[in-house]
Ligand SMILES: N[C@@H](CCC(=O)N[C@@H](CS)C(=O)NCC(=O)O)C(=O)O
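Numbering (the working numbering), first residue to last: 1311 to 1430.
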C-alpha cells in the first residue's frame, strides 16, 4: 500500500529546503509549524497551488515586526498574499474559503442561501 505523505510533513520539509520553491509562485504564505498555520499549508498542498513559504518565527518575535504587522496588524499567522489578485488575507478560515473559491475546489457545489462570503 502506498501512503501519501501528509501535507504538514511536506510543509516541514519545505521549511527546511527553500530551494524547491518556484519563482512562478503567485501566493506568499507567512506561517510557522502550528495548527492554524498548517490549515493554510494543507489547503495549498491539496489544491496544488505553487506558493512561497516565509517562515515567521513567533518565538523570535518575527510576528511583531513592522513588515509582518503591515500584513496582519494582529500579528498572527497564517497570512497569504495573492500577487495575482493583490489580496492579503489573514484568519485561517478566511484563507481556506478564499483558496477554495479561487480554485473552485473543496467547496460544496451549492451554497446554503444563508451563507455568504465577501472579499475586499
Ligand atoms: N483565528 C486565527 C488565529 C491565528 C493564531 O492564533 N495564530 C497563532 C499561531 S497558531 C499566532 O500567530 N500566535 C502569535 C501571537 O498571537 O502572538 C486564525 O485562525 O488564523
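By construction, the Cβ of each residue, glycine as well, lies at the ideal position given by its N, Cα and C atoms.
Residue i: CB within 7 Å of a non-hydrogen atom of ligand 1
| i | result |
| --- | --- |
| residue 1402 | yes |
| residue 1370 | no |
| residue 1344 | yes |
| residue 1383 | no |
| residue 1376 | no |
| residue 1423 | no |
| residue 1390 | no |
| residue 1387 | yes |
| residue 1347 | yes |
| residue 1373 | yes |
Proximity below 8 Å, CB of residue i to CB of residue j
| i | j | result |
| --- | --- | --- |
| residue 1337 | residue 1392 | yes |
| residue 1409 | residue 1357 | yes |
| residue 1354 | residue 1413 | no |
Rounded distance between the beta-carbons of residue j and residue i, thought under 8 Å
| i | j | result |
| --- | --- | --- |
| residue 1335 | residue 1365 | That pair is no contact at about 15 Å. |
| residue 1381 | residue 1395 | Contact doesn't hold; Cβ gap of about 15 Å is too wide. |
(message) Just to confirm the assignment: which complete beta strand (DSSP E) runs, minimum length 3, are found wholly within the region 1340–1407?
(response) Qualifying beta strand (DSSP E) stretches, in chain order: 1361–1365, 1389–1392, 1397–1400.
(message) Is it the case that the region 1339–1355 contacts the region 1383–1390, given that we only count it when at least three CB pairs across the two stretches are under 8 Å?
(response) yes
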